[in-house]
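Engineer: Take this structure, written in structure tokens, and hold onto it; I'll ask about it next.
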Amino acid sequence: MNEKNAFERKMRADLVSVQNGFVQFKAQAKHYKIDNHIKQHVKNVEDLEQKLNAAKARLQELEEVDDASWEPLKEGMEKTWTDLQSTLENYAFQAKINNELELVQARFVEFKAQAHHLKDEAQRQEHAKHVEDLERKVNAAKAKMKELAEADDDALDMVKDGMENVWTELQSTLENTVTTFKEK
Numbered sequence: 230m231n232e233k234n235a236f237e238r239k240m241r242a243d244l245v246s247v248q249n250g251f252v253q254f255k256a257q258a259k260h261y262k263i264d265n266h267i268k269q270h271v272k273n274v275e276d277l278e279q280k281l282n283a284a285k286a287r288l289q290e291l292e293e294v295d296d297a298s299w300e301p302l303k304e305g306m307e308k309t310w311t312d313l314q315s316t317l318e319n320y321a322f323q324a325k326i327n328n329e330l331e332l333v334q335a336r337f338v339e340f341k342a343q344a345h346h347l348k349d350e351a352q353r354q355e356h357a358k359h360v361e362d363l364e365r366k367v368n369a370a371k372a373k374m375k376e377l378a379e380a381d382d383d384a385l386d387m388v389k390d391g392m393e394n395v396w397t398e399l400q401s402t403l404e405n406t407v408t409t410f411k412e413k
């Protein structure tokens, strides 16, 4: 087996793997409850579908050229492939955070509703401060998600790191706050 055939075989296998990941990613839309998340997911699915089709077309081109002239197409295929994988990873990360954000927002709504059960004015004031703090953190997470969705490939890792930091802080604050008020 020559190098071209080996490369084609590997790309076909990798393409099947990515297609499976794409099908799973596409199916996640039914789990969203927030319209913005649904719209972003649909946009991401459409983008991924275009990139997947581009990869398929490049592979088809590669398969149709002879062994002597395939080398220039290999570089284009590798770039297309890297772009596709990077995009899928990024969108999967966004989907994961969106799902978790919806769960956090549901818990936050429950926490806000606890205010009318508090008997003591000092507790209600403390509760209100926690609500304000959590709202700031939820809004910061939403802003980071928007930044992540709009980030180009060069800034993506930095934005992801920032998102993970904001996310960890939000989750930690929510858990600590909910635990604190359960104990009261």
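Numbering (this note's numbering), first residue to last: 230 to 413. We treat Cβ as the ideally placed atom computed from N, Cα and C, and that holds for glycine. Fair warning: this is a prediction, and the values are worked out from it, not measured in the lab.
(1) Can you tell me the Cα-Cα spacing of LYS239 and LEU277, whole angstroms?
(2) Assuming LYS411 is part of the alpha helix (DSSP H), what are its boundary residues?
(3) Can you grab the Cα-Cα spacing for the pair SER246 / ASN265, in whole Å?
(4) What number of angstroms, rounded off, separates the C-alpha of LYS259 from the C-alpha of ALA370?
(5) Could you tell me the boundaries of the alpha helix (DSSP H) in which ASP362 lies?
(6) Between VAL367 and LEU399, which are expected to be in contact by the criterion C-beta below 8 Å, what is the C-beta distance as a whole number of angstroms?
(7) Quick check on this structure: which residue in GLU318, LEU288, PHE251 has the alpha carbon closest to the alpha carbon of LYS389?
(8) Looking at C-alpha atoms only, which residue of PHE251, THR406, LYS325 is the closest neighbour of ALA378?
(9) In terms of alpha-carbon separation, which member of ALA256, GLY250, THR406, ARG241 lies closest to VAL333?
(10) Here's the rule I'm using: 16 or more other beta-carbon atoms within 10 Å means buried, otherwise exposed. How should VAL252 be labelled?
(11) Would you tell me roughly how many angstroms separate the C-alpha atoms of GLY305 and ASN282, rounded to the nearest one?
(12) Please report the straight-line C-alpha distance between PHE340 and LEU291, rounded to a whole angstrom.
(13) Let me know the secondary structure DSSP gives VAL294 once reduced to three states.
(14) The alpha helix (DSSP H) spanning LEU244 covers which residue range?
(15) To which residues of the same chain is VAL294 closer than 8 Å at the C-beta, ignoring the five residues directly before and after it?
Structural biologist: Considering the structure as presented:
(1) Your numbering for residue 239 matches position 10 in the sequence shown. Your numbering for residue 277 matches position 48 in the sequence shown. Roughly 20 Å between the two C-alpha positions.
(2) Your numbering for residue 411 matches position 182 in the sequence shown. Looking at the DSSP string, the run of the alpha helix (DSSP H) that includes LYS411 is 382 to 411.
(3) Counting from one through the sequence shown, the residue named residue 246 turns up at place 17. Counting from one through the sequence shown, the residue named residue 265 turns up at place 36. C-alpha separation (whole angstroms): 28 Å.
(4) Working through the sequence shown from its first residue, we reach residue 259 at position 30. Working through the sequence shown from its first residue, we reach residue 370 at position 141. Computed Cα separation, rounded: 22 Å.
(5) Locating residue 362 in the sequence shown gives position 133, where the first residue counts as 1. Unbroken alpha helix (DSSP H) run through ASP362: 350 to 379.
(6) For the purposes of this step, residue 367 is taken as the residue at position 138 of the sequence shown. For the purposes of this step, residue 399 is taken as the residue at position 170 of the sequence shown. With a Cβ gap of about 7 Å, VAL367 and LEU399 count as contacting.
(7) Translated into positions along the sequence shown, residue 389 becomes position 160. It is GLU318.
(8) The residue you call residue 378 lines up with position 149 of the sequence shown. Here the closest residue by C-alpha is LYS325.
(9) As a first step, residue 333 is located in the sequence shown; it is residue number 104 there, counting from the start. With distances taken between Cα atoms, VAL333 lies closest to THR406.
(10) Walking along the sequence shown from the start, residue 252 turns up at place 23. Exposed, by the Cβ-count rule.
(11) Counting from 1 along the sequence shown, the entry for residue 305 is found at position 76. Counting from 1 along the sequence shown, the entry for residue 282 is found at position 53. Using only the alpha carbons, I get a separation of about 14 Å.
(12) Here the question's residue 340 lines up with position 111 in the sequence shown. Here the question's residue 291 lines up with position 62 in the sequence shown. Here the alpha carbon of PHE340 sits roughly 57 Å from the alpha carbon of LEU291.
(13) Indexing the sequence shown from 1 puts residue 294 at position 65. Three-state result, VAL294: coil.
(14) On the sequence shown, position 15 is the one that residue 244 refers to. Unbroken alpha helix (DSSP H) run through LEU244: 232 to 256.
(15) Walking along the sequence shown from the start, residue 294 turns up at place 65. Within the same chain, VAL294 has close Cβ partners LEU302.
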